[in-house]
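Below: one structure, written as structure tokens.
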Amino acid sequence: MKNKVVSMKEAVAGLVHDGDTVVIEGFTHLICFAAGHEIIRQGRRDLTLARLTPDLIYDQMIAAGTAKKLIFSWAGNPGVGSLHAFRRAVEAAPPKLAIEEYSHFGMVARFAAGSANLPFWVMRDYQGSDIPAANPLIRSVKCPYTGEELATVPALRPDVTIIHAQRADKSGNTQIWGLLGVQKEAAFASRKVIVAVEEIVDESVVRSDPNRTLIPGFQVDAVVREPWGAHPSFAQGYYDRDNDFYAGWDKIARDEASLKRYLDEFVYRVSGRAEYMKKQPGLAERLSAKNMVCPGVDYGY
Amino acid sequence: MAIETKAATDYTRNELMTVLAAREIRDGDVVFVGIGLPNLACNLARRTHAPNMCLIYESGAVGAAPERVPPSIGDPALVTGSLMVASMQDIFQAMLQNGKIQVGFLGGAQIDRYGNINTTVVGDYRKPKVRLPGSGGACEIAIHAQRVLLVAKLDRRAFPEQVDFITSPGARSKGKTRAQWGHPGRGPVKCITNMGILEPDDQTGELVLTAIYPGVTVEQVRANVGWALQARSPLQGVALPTAREIKLLREKLDPKRLHIK
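Going line by line, the protein sequences match chains B and U. If you're matching positions, the first sequence starts at 35 in the working numbering and goes up one per residue. If you're matching positions, the second sequence starts at -8 in the working numbering and goes up one per residue.
Okay, here's the thing in structure tokens:
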């Protein structure tokens, strides 16, 4: 079994390059903020960032100047309001960030096509909407069987996808539970995959519950042990979503100077996630999950 | 009189909207829901007349039974105790596109005369005055859900004759009806506002005023709508909240008054 365990610093240095198309997925759940912060620290530039919901992590990466383009389907602060760095960039004249916009289903379909090694995906969507006029990559095809007109979106093949997960073994067999988002499709669509986990477990733990494995090790290039790496998003069974942080981000990000101060203090001036956590005493106690353990299933035969 | 039927003596407009939205849900409906008032409405319906409804969130939670008010549609409390956690591919393809969703709740920064919704941009797309979050799952929910319920507060800017950008198509978009577009769902069936109920006219697809709340006049509603709003005659009233519905909302569903204030 190949040992793919590296530090976040090494994973980003080796696998994320200037100009890459980078996906840090996770729908509300398991968003790897630790990786985004490391990309900012290492000063990557001209990235095309893709994700359904850019969330606070891409707002921070946009503010830090890592991105030239954003591919997305819902760019807000969930339950709170706007992503202000994103808004400043696209409301500027001329815009400081290129955008390529879909709906959630469109983004899901792009990852599905990428993961299936197809050039595009077919869907019943977008008729009567202005979204295709805003994005000429949304097209249509005539069904060869029924003759009906169906919408299409092109495959998304990221250079690198970064997934946060509850656990993996050291060769990258990755287990996720709770909200699954498009983690699997994004990983299979991608040329390179980094998995960051709350815990690295023995292969026997993975083998004891194989239905929990979402991404097999052969699809994974690097495994990073990064506890609390998804904060302020959450990891089911490990820690809750930091809703106070999401609400508080609105005020921080509204003002460019205060956003810069945040990045200085919590990104540039920390060496990594362990130090980020050390700077915030009480955070772990406030957000640690209560146990609600599933009794498990019988794999016998 | 039993609490189930006794009229509530005091309630806010938000509570009234929530109760009216809840009553649109039928027992057994599979409902695609977001946060805020629609989420409360669904949980109220689940605890009253629709115990067999199934709440679906685009994040993947199916049959969610959240024990706290979810601050986002991807809250961990939606997973705990749910019936299923689906991948988003399954949510959008096997469930929504495959016609399994009876009700979709939508809202937006702008809703126009035909129930088209804009959640993308105020002003020109390439030179936005205000950049909004975008579609999320709204475009496909508007197309596929069998019935779409709109929940929004009336305001002239929020209800223009024509939206700046059609994110999610309503009863009629770009000069074509839903049948002409081939949309599988019926589209908007009701728009529940803070002053009354709007419904699309069967013939034209235009939203018309069909019911009004106590103490509101047709003129007041018209003053907050950007087109020459037609009112159906006779105008209906609405069945007011019961004491039980208000008690559930205040004590169980939104004890911190995050949404019903």
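Quick reminder that beta carbons are idealized off the backbone N, C-alpha and C, glycines included.
Across which residues does DSSP place residue i in a beta bridge pair?
i: residue 122(U); result: 112(U)
i: residue 198(U); result: 191(U)
i: residue 273(B); result: 269(B) and 322(B)
i: residue 95(U); result: 23(U) and 139(U)
i: residue 36(U); result: Note: residue 36(U) sits in no beta bridge, so no partner.
i: residue 197(B); result: 229(B)
i: residue 111(B); result: 115(B)
Rounded to whole angstroms, what's the CA-CA distance from residue i to residue j? Just pull it up for me.
i: residue 47(B); j: residue 45(U); result: 46 Å
i: residue 140(B); j: residue 214(B); result: 17 Å
i: residue 33(B); j: residue 209(B); result: A question about residue 33(B) goes unanswered here, because the residues of chain B that appear run from 35 up to 335.
i: residue 0(U); j: residue 88(B); result: 44 Å
i: residue 177(U); j: residue 162(U); result: 8 Å
i: residue 132(B); j: residue 124(B); result: 8 Å
i: residue 255(B); j: residue 199(B); result: 15 Å
i: residue 275(B); j: residue 199(U); result: 42 Å
i: residue 221(B); j: residue 25(U); result: 27 Å
i: residue 235(U); j: residue 205(U); result: 20 Å
i: residue 217(B); j: residue 107(B); result: 16 Å
i: residue 71(U); j: residue 93(B); result: 29 Å
i: residue 84(B); j: residue -2(U); result: 51 Å
i: residue 66(U); j: residue 273(B); result: 12 Å
i: residue 33(U); j: residue 98(U); result: 15 Å
i: residue 137(B); j: residue 189(B); result: 14 Å
i: residue 307(B); j: residue 319(B); result: 16 Å
i: residue 236(B); j: residue 203(B); result: 6 Å
Going by beta carbon distance, what residues of the same chain come within less than 8 Å of residue i, once the five residues before and after it are set aside?
i: residue 78(U); result: 51
i: residue 43(U); result: 18 and 19
i: residue 88(U); result: 131 and 135
i: residue 52(B); result: 78, 79, 80 and 81
i: residue 182(B); result: 176
i: residue 245(U); result: 31, 60 and 251
Indicate whether at least one CB of chain B lies closer than 7 Å to the CB of residue i.
i: residue 71(U); result: yes
i: residue 172(U); result: yes
i: residue 75(U); result: no
i: residue 153(U); result: no
i: residue 124(U); result: yes
i: residue 178(U); result: no
i: residue 197(U); result: no
i: residue 26(U); result: yes
i: residue 228(U); result: no
Take residue i and list the residues in its own chain whose beta-carbon comes closer than 7 Å to its own, dropping the five residues that flank it on each side.
i: residue 250(B); result: 207
i: residue 111(B); result: 90, 117, 280, 283 and 284
i: residue 63(B); result: 212, 213, 215, 267, 268 and 270
i: residue 28(U); result: 5, 8, 9, 12, 142 and 250
i: residue 347(B); result: Since the displayed chain B opens at 35 and closes at 335, residue 347(B) lies outside it and no answer follows.
i: residue 55(U); result: 46, 48, 69 and 73
Chain U beta carbons: is any one of them nearer than 7 Å to that of residue i?
i: residue 110(B); result: yes
i: residue 154(B); result: no
i: residue 142(B); result: yes
i: residue 124(B); result: yes
i: residue 253(B); result: no
i: residue 59(B); result: no
i: residue 245(B); result: no
i: residue 195(B); result: no
i: residue 101(B); result: no
i: residue 319(B); result: no
i: residue 270(B); result: yes
i: residue 146(B); result: yes
i: residue 139(B); result: yes
i: residue 135(B); result: yes
Could you name the residues of the same chain whose beta carbon sits closer than 6 Å to that of residue i, not counting the 5 residues immediately before and after it, in chain order?
i: residue 20(B); result: Any property of residue 20(B) remains undetermined from this structure, which presents chain B solely from 35 to 335.
i: residue 217(U); result: 147, 150, 151 and 152
i: residue 226(U); result: 203
i: residue 174(U); result: 134
i: residue 196(B); result: 58, 66, 69 and 228
i: residue 93(U); result: 20, 21 and 137
i: residue 166(B); result: 160 and 172
i: residue 41(U); result: 16 and 18
i: residue 146(B); result: 155 and 219
Taking Cβ-Cβ distances shorter than 8 Å, what residues in chain D pair up with residue i?
i: residue 274(B); result: Annotation note: the requested chain D is absent from the structure, which comprises protein chains B and U.
Worksheet item: Of the residues that make up the stretch 207 to 236 of chain B, which ones have a beta carbon closer than 9 Å to any beta carbon in chain U?
Response: 211, 212, 213, 214, 215, 216, 217, 218 and 219
Fill in: Members of the stretch 157 to 185 of chain B near chain U, C-beta cut-off 9 Å
157, 158, 159, 160, 161, 162, 163, 164, 165, 167, 168, 182 and 183
Worksheet item: Name the residues in the stretch 102 to 120 of chain U whose C-beta lies less than 9 Å from a C-beta of chain B; which are they?
Response: Residues passing the 9 Å Cβ filter: 107, 109, 110, 111, 112, 116, 117, 118, 119 and 120.
Fill in: the stretch 39 to 60 of chain U: positions lying closer than 8 Å to chain B by Cβ
49, 50, 51 and 52
Worksheet item: If you measure beta-carbon to beta-carbon, which residues of the stretch 69 to 84 of chain B are closer than 7 Å to chain U?
Response: For the stretch 69 to 84 of chain B, there are no residues whose beta carbon sits under 7 Å from a beta carbon of chain U.
Worksheet item: Relative to chain B, which residues along the stretch 77 to 103 of chain U have a C-beta separation below 7 Å, given in chain order?
Response: 78, 79, 80, 83 and 88
Practice prompt. Could you please tell me which residues of the stretch 142 to 167 of chain U, in chain order, have their CB closer than 7 Å to any CB of chain B?
Written response: 156, 157, 158, 159, 160, 164, 165 and 167
Item to complete: Return the residues of the stretch 308 to 332 of chain B that lie within a Cβ-Cβ distance of less than 7 Å from chain U, sorted by chain order.
Response: 326
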